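Report on the following structure.
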Amino acid sequence: MNYLITPDFGILFWQTITLLTVLWVLAKFAWKPIIGVLQAREEAVAHSISQISAAQTSMAQAVVERERLLEEANLERERIISESLETKQKIIEQARQEGITLKEQLLAEARLALEREEKRVLEEAKSHIGLLSIQIAEKLLCSELRKDQEQLALIERFITGEKQFA
Numbered sequence: 002m003n004y005l006i007t008p009d010f011g012i013l014f015w016q017t018i019t020l021l022t023v024l025w026v027l028a029k030f031a032w033k034p035i036i037g038v039l040q041a042r043e044e045a046v047a048h049s050i051s052q053i054s055a056a057q058t059s060m061a062q063a064v065v066e067r068e069r070l071l072e073e074a075n076l077e078r079e080r081i082i083s084e085s086l087e088t089k090q091k092i093i094e095q096a097r098q099e100g101i102t103l104k105e106q107l108l109a110e111a112r113l114a115l116e117r118e119e120k121r122v123l124e125e126a127k128s129h130i131g132l133l134s135i136q137i138a139e140k141l142l143c144s145e146l147r148k149d150q151e152q153l154a155l156i157e158r159f160i161t162g163e164k165q166f167a
């Protein structure tokens, strides 16, 4: 059992030769492909990290752009609402002014129509009163002028210009 703790020189020699041979074979055939694969993997990881970084940057820019677009949309919405409220007020005010103008025009036309109707009625009344006056005067004259004496007196009064008839 002692030989396990203190190895013999021959075993050490052959194990060293075997180890160096394995290392030489590995260096000759395996190290370059393993290092190539490790370097390719390292480059792929570095490329993936740079892509992730670029994606994060573009996502941050997209978020900023989205926020900017939302702000612009909100401002545009506020502007449109403000313009529509102003337009509504203008339309209401214009309709009110048109209503007032139309009311005043209709009132003026109604006043003119009333005045014309009043004048027409007054003219009719005057002509009717005139006709009635003439008819009354005719009846009075006919009743008074039945006598010759009275007719002569009336004619003389017309000639002398007497305006009052008794």
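Here the sequence shown stands for residues 2 to 167, numbered as in the numbering used here. Don't be surprised by glycine CBs; every beta carbon is placed ideally from N, CA and C. All figures in this text were calculated on a predicted structure; none of them were measured in a lab.
Helix, strand or coil at residue i according to DSSP, with G and I counted as helix
i	result
I156	helix
G162	coil
**Item:** Residue ranges of each beta strand (DSSP E) within the stretch 97-150, 3 or longer
**Value:** DSSP runs (the beta strand (DSSP E)) wholly in the stretch 97-150: none.
**Message:** Quick check for students: name the residue ranges of the beta strand (DSSP E) that lie wholly in the stretch 21-47, counting only runs of 3 or more.
**Reply:** Runs found: none.
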